[in-house]
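One line per chain: the protein sequences are A, B, C and D, in this order. For reference, each letter of the first sequence is one residue, going 1 to 129 in this note's numbering. For reference, each letter of the second sequence is one residue, going 1001 to 1249 in this note's numbering. For reference, each letter of the third sequence is one residue, going 2001 to 2127 in this note's numbering. For reference, each letter of the fourth sequence is one residue, going 3001 to 3087 in this note's numbering. Take a look at the structure set out below.
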Amino acid sequence: MDEFFFFIVAKYNYWASLILLFIGLYGMIAKNNLMKKIIGMVIFQTAILIFFVSIGVKWGASVPIIRFFPDKQPLLDATAYANPLPHVLILTAIVVGVAVLGVALAILQNIQRIHGTIEEDEILEDMRK
Amino acid sequence: MKPFARIILFLCAVMMLTATVDLPDWADPGSPASTHLSPGFIEQGYHETATPNVVTAVLADYRSYDTLFESVVVFAASLVVMLVLRRTSTGTSRIKHFRPKREGRDTILRGAAQSIIPVMQIFALYVLFHGHYSPGGGFQGGVIFGASFILLSLCYSLKFAMQRFKEKMVLICCACGALLYAGIGAVCLAMGWNFLGYAGLAGLLGVTDVMARSHGILAVEAGVGITVMAVMVSLYYDLASGGDMEEGL
Amino acid sequence: MIIDILVITMMITGLVFFTGTTVGIIRFPDFYTRVHAAGKGDTLSTVMFLGAMSLYILRDFSGESLLTFIKLILIVLYIFIASPTATHAIIDAGYEFRVPYWTRPSDKPSNEDDATDINKTMEDISI
Amino acid sequence: MTWDANLLWQFDMLILLMMVICAVAALSLKGLVSSAVVTGAYSFFTCLMWTHMMAVDVAFTEAAVGAAVSTVIIVATAQYINPWSKD
Chain A
1 MDEFFFFIVA KYNYWASLIL LFIGLYGMIA KNNLMKKIIG MVIFQTAILI
51 FFVSIGVKWG ASVPIIRFFP DKQPLLDATA YANPLPHVLI LTAIVVGVAV
101 LGVALAILQN IQRIHGTIEE DEILEDMRK
Chain B
1001 MKPFARIILF LCAVMMLTAT VDLPDWADPG SPASTHLSPG FIEQGYHETA
1051 TPNVVTAVLA DYRSYDTLFE SVVVFAASLV VMLVLRRTST GTSRIKHFRP
1101 KREGRDTILR GAAQSIIPVM QIFALYVLFH GHYSPGGGFQ GGVIFGASFI
1151 LLSLCYSLKF AMQRFKEKMV LICCACGALL YAGIGAVCLA MGWNFLGYAG
1201 LAGLLGVTDV MARSHGILAV EAGVGITVMA VMVSLYYDLA SGGDMEEGL
Chain C
2001 MIIDILVITM MITGLVFFTG TTVGIIRFPD FYTRVHAAGK GDTLSTVMFL
2051 GAMSLYILRD FSGESLLTFI KLILIVLYIF IASPTATHAI IDAGYEFRVP
2101 YWTRPSDKPS NEDDATDINK TMEDISI
Chain D
3001 MTWDANLLWQ FDMLILLMMV ICAVAALSLK GLVSSAVVTG AYSFFTCLMW
3051 THMMAVDVAF TEAAVGAAVS TVIIVATAQY INPWSKD
């Protein structure tokens, strides 16, 4: 039983991001409503970000802010802090993700303005006319 | 379409699940991501930049090109939203209201907004300028500062918020933040160092190289904060009013 | 010792109010009463919890614990202002949007199928 | 104040479960405004997950962005379109 638990714990971050990734991808491919596609895109993006952050975690490591001993000496040991590099990449990626969401919603409003609907099949029907 | 998509996705999932066997374990300290570059950041970062928060140091110093062009990307996104949506007012309201249609809002909302918004803006400035020592920095401070204007617009009306923070002013702030960032880099270049090599500021500020890098990080974070704040407000103005800046959420 | 008893009492009170809030959200019949339960009970229980935590931190007194105490009190003040205001705004929007409210079945003998009425109400809310 | 990841993986599983529920609900709800609000809840659980992974800066950004800006602009777009989706 312990081995089974260890097997789950050993790789579960990949499983987590995979499950969310395919939920988001299914939303992007199979949903008919364009807003649902955009929400699927948000979920897809978050899954990739979780995968990225999860490779920076270490056993027994704390947040990547340098701690000080009582005599003001910094504790500079790489095993005591989580890997800061994925955090930096993801920090910028989240804000860019909001910008992408804004552009997607702007295009959505423009589609609504031109075709009068945001359902995919109705848009295709409208374009064939 | 749907069953086909399900089959494809299932096959992709199986393929990627089998690929996870070769990847390093969860929280393994000896994984390739944690052994090559990042120990150097942690062990030398404090001595080279005098910044306890390693994430801020890496964000604004070691990888500052990345951050510069991320802020340019955000700026470009706000311009694209404006190009797609912005138009002159047609005078007809197409909004389906989710809010009271009566003029303005009631006293409770206004009073709560009056008491919360100044605290929120001070907190945003605290987050921005305390980013060296605690979680925070330009991105978070900028988003919180922009959210204060969004709250103002939600609790009063879009027109009221646009009188306080005009659209032209928003765009100028967008550009000025990115320009401040690039300008710091250009000053460093003019002092004979690399682009964005903050040690070049030491002669101007009259401090040591290490403290010059710390101050350079602060200036750059301020630039990022201004850009992100203005972009959030610009996105809200455009998307909430449908581009005609008449009436918002 | 006396602080410990106070902290435990406040935490248990907060838990009781949280339970009441949850039961209210599930059991109340329409939109207005549910939001009412969520707003009041949630605010009071959160304030109880955070107040208990701030007292617990103040037990061994130093400059650092005083700073944490002040931060927690600020969070309590924020929640005390923001949560009832949000509840008020949601109920106001629902009122303006003409969300139908629940009346006792005995007052409305014509509409005997009350369950469908509630379902219709919930449909109108989830825009 | 070292926080050992070994002790709390059950907690992480719980957050993951809630994230999957929120993701499926956000994609399957008919009302687009409800969908936007559930996306905000999803973003909050993401924030908890990142706090557990020691990425406090990322969690802070996600809390500010997901709660404030992202939800508001999705709701703002939902007022211009038909707020009921077909699927």
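Glycine included, every Cβ here is placed at the ideal spot set by N, Cα and C.
Distance from the CA atom of F1010(B) to the CA atom of S17(A), rounded to whole angstroms, is 15 Å. Between the stretch 1220-1238 of chain B and the stretch 1126-1133 of chain B, the count of C-beta pairs closer than 8 Å reaches three or more; the two stretches touch.
The C-beta distance from C1176(B) to I1226(B) rounds to 6 Å, short enough to fall under 8 Å. Listed by position along chain D, the residues whose Cβ is nearer than 7 Å to that of P1135(B) are V3056, D3057 and F3060. Listed in chain order, the positions of the stretch 1111-1128 of chain B with a beta carbon within less than 7 Å of a beta carbon of chain C are A1112, S1115 and I1116. A direct Cα-Cα distance of roughly 14 Å separates L3048(D) from N13(A). Assigned with DSSP and collapsed to three states, E1246(B) falls in coil, not helix or strand.
Annotation: the continuous alpha helix (DSSP H) that includes K1159(B) extends over L1158 to R1164. The beta carbons of S3035(D) and S3070(D) sit about 13 Å from each other, so the pair does not count as a contact at 8 Å.
When Cβ-Cβ separations below 8 Å define contact, L1023(B) makes no contact with chain D. For T1088(B), there is no enclosing alpha helix (DSSP H), since its DSSP letter is neither H nor E. Proximity of I2081(C) to chain B, defined by a Cβ-Cβ separation below 8 Å, is satisfied. Contact note: H87(A) reaches chain D through A3055, D3057 and V3058, using a C-beta cutoff of 8 Å and chain order. Taken atom to atom, the span from the alpha-carbon of V1054(B) to that of H3052(D) is near 18 Å. DSSP, read as helix, strand or coil, puts N3082(D) in coil. Residue contact check for T2085(C) against chain B: a CB pair falls below 8 Å. For H1047(B), the enclosing alpha helix (DSSP H) covers residues S1038 to T1049.
Flagged as an interface residue toward chain B: A3076(D), by a C-beta distance shorter than 8 Å.
N13, Y14, L18, F22, L25, Y26, I29 and A30: these are the residues of the stretch 13-39 of chain A whose beta carbon lies less than 7 Å from some beta carbon of chain B, given in chain order. By alpha-carbon distance to G2024(C), the top candidate from P2105(C), V2007(C) and D2042(C) is D2042(C).
Within chain A, the residues whose beta carbon sits less than 7 Å from that of T1020(B) are K11 and Y14, listed in sequence order. Contact between the stretch 98-108 of chain A and the stretch 1070-1083 of chain B is established, with three or more Cβ pairs separated by less than 8 Å. Excluding the 5 residues flanking it on each side, L1235(B) has same chain C-beta neighbours closer than 7 Å at S1078 and V1081, in chain order.
When G1138(B), C1155(B) and D1238(B) are compared, the shortest CA-CA separation from D2092(C) is found for C1155(B).
Against chain D, a Cβ distance below 7 Å from M1232(B) picks out V3069. In the structure shown, F68(A) adopts extended strand secondary structure according to DSSP, grouped into three states. Taking 4 residues as the minimum length, the alpha helix (DSSP H) runs contained wholly in the stretch 1200-1242 of chain B are 1202-1205 and 1209-1241, in order along the chain. Ranked by Cα distance from Q1121(B), the first of L1109(B), F1139(B), D1106(B) and S1148(B) is S1148(B). Taking the Cα positions, G1111(B) is about 24 Å away from S1241(B). Nearest Cα to E1048(B) within the set A1212(B), M1232(B) and L1239(B): A1212(B). If you check the CB distance, N83(A) and S1034(B) come in under 8 Å. Residues of the same chain with a CB within less than 6 Å of the CB of P1003(B), apart from the 5 flanking positions on each side, do not exist.
Non-local beta-carbon contacts of M3019(D) in its own chain, meaning distances under 8 Å to residues more than five positions away in sequence, involve Y3042, F3045, T3046 and M3049 in chain order. The beta-bridge partner set that DSSP reports for G3031(D) consists of W3084(D).
One Cα belongs to P1032(B), the other to G1040(B), and the distance between them is close to 14 Å. With distances taken between CA atoms, I43(A) lies nearest to A3026(D) out of A3026(D), V3058(D) and A3055(D).
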